[in-house]
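In my numbering, the protein residues as written are 214 to 510.
Beta carbons: idealized from backbone N, C-alpha and C, even for Gly.
Laid out in structure tokens, this is it:
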């Protein structure tokens with residue numbers, strides 16, 4: 214059995230206030246005994262959305278590790294288990310309507326989960342707060358993020374094959390490796406740029422030429438974003454995630470409108486399995502908002 218074979222996965226979500234600040238967590242156990250942990254934060258969300266976000270992250274990670282072996286995904290959310298294994302089939306047949314004809318809540322995340330789900334994933338309910346190590350650890354991570362903390366997350370050793378295989382599953386801009394087995398996964402919502410030096414390393418220790426090259430790369434990214442906004446181009450979630458250098462789920466889970474650097478990012482429409490987004494310069498939006506009666510300003 215390869216050392217990087219996944220044995221099982223645990224997911225969990227937490228929310229303070231519901232709705233309110235939330236966090237999600239994924240804990241992956243491998244055949245060689247190593248562990249990988251992922252997690253993230255959202256400023257305004259619900260507990261169910263965080264449960265779903267955790268599962269999405271787990272499924273996207275699985276898509277990078279090809280295997281025909283069944284993998285058990287454990288969750289303490291009956292909403293998630295029943296939704297992905299039972300309800301989603303009926304929702305799709307009814308055009309994403311419930312049996313009462315009402316719109317399905319969290320449709321955006323259900324569509325992503327349904328698209329990522331495979332026959333190799335065995336969804337398994339586990340009772341929360343019952344002493345299960347994987348579930349308890351997930352709960353600890355999710356609650357830490359939900360309360361504004363940044364927990365220390367375990368990662369496989371740097372020489373492990375897995376690290377290069379799954380590194381794209383977490384935002385490259387928000388993960389920093391230490392020398393052996395731990396990392397810090399900062400909130401997706403902080404949008405720390407990948408062009409910034411790794412927080413484990415003092416930026417002064419990085420050669421000036423490298424820092425300048427990173428800055429040039431950042432400027433090019435901002436120039437591209439400005440061109441997209443100026444010409445009114447619509448881009449997909451994956452394209453937007455590539456532009457921002459974050460995980461795709463950090464885009465799709467943030468709502469219909471939010472700010473990134475100098476731009477307001479707005480969800481426009483869905484075409485097939487793709488969500489299309491529009492970028493507008495925030496200063497122009499603000500200017501448009503203040504073109505009325507000066508007395509109201």
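For this session: Take residue 243 as the anchor and find which of 221, 237, 236 has the nearest alpha-carbon.
Result: Taking only the C-alpha atoms, the option nearest residue 243 is 221.
Exercise. Can you give, in chain order, each stretch of the alpha helix (DSSP H) that sits fully within the stretch 437-505 and has at least 4 residues?
Worked result: Runs found: 450-457, 461-465, 495-502.
Exercise. From residue 303 to residue 311, what distance separates their C-alpha atoms?
Worked result: Their Cα atoms are separated by approximately 8 Å.
For this session: Could you tell me whether the stretch 226-234 touches the stretch 316-332, using the rule of 3 or more Cβ pairs below 8 Å?
Result: Between the stretch 226-234 and the stretch 316-332, the count of C-beta pairs closer than 8 Å stays below three; the two stretches do not touch.
Exercise. Which value, in whole angstroms, describes the spacing of the CA atoms of residue 482 and residue 325?
Worked result: About 15 Å.
Exercise. Helix, strand or coil for residue 227 per DSSP?
Worked result: Looking at residue 227 - three-state DSSP - the assignment turns out to be strand.
Exercise. Is DSSP giving residue 309 helix, strand or coil here?
Worked result: Three-state DSSP puts residue 309 in coil, outside helix and strand.
For this session: Please determine, among 485, 452, 289, 318, the residue with the shortest C-alpha to C-alpha distance to residue 491.
Result: Residue 491 has its Cα closest to that of 452, out of 485, 452, 289, 318.
Exercise. So, is the C-beta of residue 457 closer than 8 Å to a C-beta in chain B?
Worked result: No chain B appears in the structure shown, which is made up of a single protein chain.
Problem set entry | Segment limits, alpha helix (DSSP H) that includes residue 284 | Boundaries for residue 284: no alpha helix (DSSP H) harbours it, while the beta strand (DSSP E) harbouring it runs 284-288, taken from the DSSP string.
Problem set entry | Buried or exposed (CB count within 10 angstroms, at least 16 for buried), residue 476 | That one is buried.
Exercise. Among residues of its own chain, excluding the 5 on either side of residue 318, which ones have a beta-carbon nearer than 8 Å to its beta-carbon?
Worked result: Annotation for residue 318: 261 place their beta carbon closer than 8 Å to its own, counting only its chain and skipping 5 residues before and after.
Exercise. Would you report the Cα separation of residue 253 and residue 308, rounded to the nearest angstrom?
Worked result: Answer to the nearest angstrom: the Cα atoms are 31 Å apart.
Problem set entry | Closest Cα partner of residue 287 within the set 264, 301, 278 | If we check each option's Cα against that of residue 287, 264 comes out closest.
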